[in-house]
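As structure tokens, the structure follows; a few thoughts come after it.
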Amino acid sequence: MGVRLHHVNIVVKPGQTAQVAGFYCDVLGLSPAEKPAEGTSPGGAWFDIDDRTQMHISERVDAVMHDDMHFALVLDDFDAVLARLAEAGAEWREQPDLFGGRRGSTRDPVGNRIELLERAGKLA
Numbered sequence: 069m070g071v072r073l074h075h076v077n078i079v080v081k082p083g084q085t086a087q088v089a090g091f092y093c094d095v096l097g098l099s100p101a102e103k104p105a106e107g108t109s110p111g112g113a114w115f116d117i118d119d120r121t122q123m124h125i126s127e128r129v130d131a132v133m134h135d136d137m138h139f140a141l142v143l144d145d146f147d148a149v150l151a152r153l154a155e156a157g158a159e160w161r162e163q164p165d166l167f168g169g170r171r172g173s174t175r176d177p178v179g180n181r182i183e184l185l186e187r188a189g190k191l192a
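The sequence shown begins at 69 in the numbering used here and counts up by one.
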């Protein structure tokens, strides 16, 4: 088909990037990526999910989120991420298995929802 996902973007209020960036690196295991100075808005941060896919944080004065807005990550080490979530005091909401593996959701420090899926079954 010739289509693939390049990135997902979440929005935070100005000045909240630092508050959530550590969560994406330290708890979820994403790697910081270089954000171009030209062609992008000030603030925010970029992260590599894998060698072809990124997650971006954009700062917006009018940042709003709906309770159901989310993106999903497939985790190689589901148990290790659950342990880091617990250590960080992050919320964890178990959900019914899907695609042959465990899943649930958490929220970053400003409330963005992230669904986490175990790399198992159809996602292996």
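Beta carbons: idealized from backbone N, C-alpha and C, even for Gly.
Practice problem: Determine the contact status of R16 and E186, defining contact as a CB-CB distance below 9 angstroms. | Solution: Outside the shown range of the chain, which is 69 to 192, sits residue 16, and nothing can be said about it.
Quiz prompt | Extent of the continuous beta strand (DSSP E) to which V71 belongs | solution = Taken as a continuous stretch (DSSP letters only), V71 belongs to no beta strand (DSSP E), as it is neither H nor E.
Quiz item: Quick one, are the C-beta atoms of E127 and K81 less than 9 angstroms apart?
Solution: yes
Quiz prompt | Closest by C-alpha distance to Q87, when choosing among G111, M137, V71 | solution = G111
Quiz item: Are there three or more Cβ pairs, one per stretch, closer than 8 angstroms when the segment 152-171 is compared with the segment 108-124?
Solution: Contact between the segment 152-171 and the segment 108-124 is absent: fewer than three C-beta pairs spanning the two stretches fall below 8 angstroms.
Quiz item: So F146 is in the alpha helix (DSSP H); what residue range does that whole segment cover?
Solution: 146-156
Self-check item: CB of A140 within 9 angstroms of CB of L184, strictly
Solution: yes
Quiz item: Smallest Cα separation from Y92: which of A192, I182, A188?
Solution: I182
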